[in-house]
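Residue 0 is where the sequence shown starts when you use numbering that gives the first Met the number 0, and the numbers rise one by one after that. Just so it is clear, CB atoms sit at the ideal spot from N, CA and C, and this is done for glycine as well. Since we're looking at a predicted model, the values are computed, not measured.
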Amino acid sequence: MTDTTFATADLCDAHEDSVRVLALPWLDLGGRIAFHGQVSTIKACEDNSRVREAVAEPGKGRVLVVDGGGSMARAMLGDLLAAKAVENGWKGIVIVGAIRDSAAIATMDLGVKALGRCPRKTDKHGEGLRDVSLEIAGVRVEPGFWLYADADGVIVSGRALTG
């Protein structure tokens, strides 16, 4: 399945018992609206040190899910880290929080969903956890799950889905 051959609405209909919707008011902020891949997770609030580490590694078509605690006080992603994610083969980044440099990120071949924008950079104290279980909007998200995102929203499943 390519990023243009699926719709989250159709996947929800076809796999009603195995998908969960991350029901938050997502903004589409990247140059790619529809994207999917296996999940890698980060839990960190107002410190994007772990995001920097993750995007510096080979993405292998994965999607980085960042639980920033919903904070809108500091941006967990900016244009430099987004460009590094593209360079290293990440398909997308979903952030429960804010990004900055949104005009530049909108031109990149990267799916980016976030709750909003904030021009302030994060602190960098090396805090946060990688590849841990998250709970987002009441839904458990585990490393290795599959995430599908498009203009209608974001869904996750414990297994790869077909249309």
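Three or more beta-carbon pairs drawn from the stretch 98-118 and the stretch 62-74 are found closer than 8 Å, and the two stretches are therefore classed as touching. Around the CB of Val18, 16 or more other CB atoms lie within 10 Å, so the residue is classed as buried. Taking the Cα of Cys44 as reference, the smallest distance to any Cα among Gly67, Glu15 and Leu28 is reached at Gly67. Buried is the label assigned to His35, since at least 16 other Cβ atoms lie within 10 Å of its Cβ. For the stretch 36-94, the continuous beta strand (DSSP E) assignments of 3+ residues that do not extend past its boundaries occur at 62-66 and 74-76, in sequence order. Pairwise C-beta distances place the stretch 82-95 in contact with the stretch 41-55, as three or more of them are shorter than 8 Å.
One alpha carbon belongs to His14, the other to Pro118, and they sit about 39 Å apart. A residue is called buried once 16 or more other Cβ atoms fall within 10 Å of its Cβ, and Ser101 is buried on that count. Linking Ile41 to Val64 through their CA atoms gives a straight-line distance of about 6 Å. Contact between Trp145 and Ala136 does not hold, since the beta-carbon distance rounds to 17 Å and is not under 8 Å.
Around Val62, the same chain offers Gly36, Val38, Lys90, Gly91 and Leu146 as residues with beta carbons nearer than 6 Å, after the five sequence neighbours per side are excluded.
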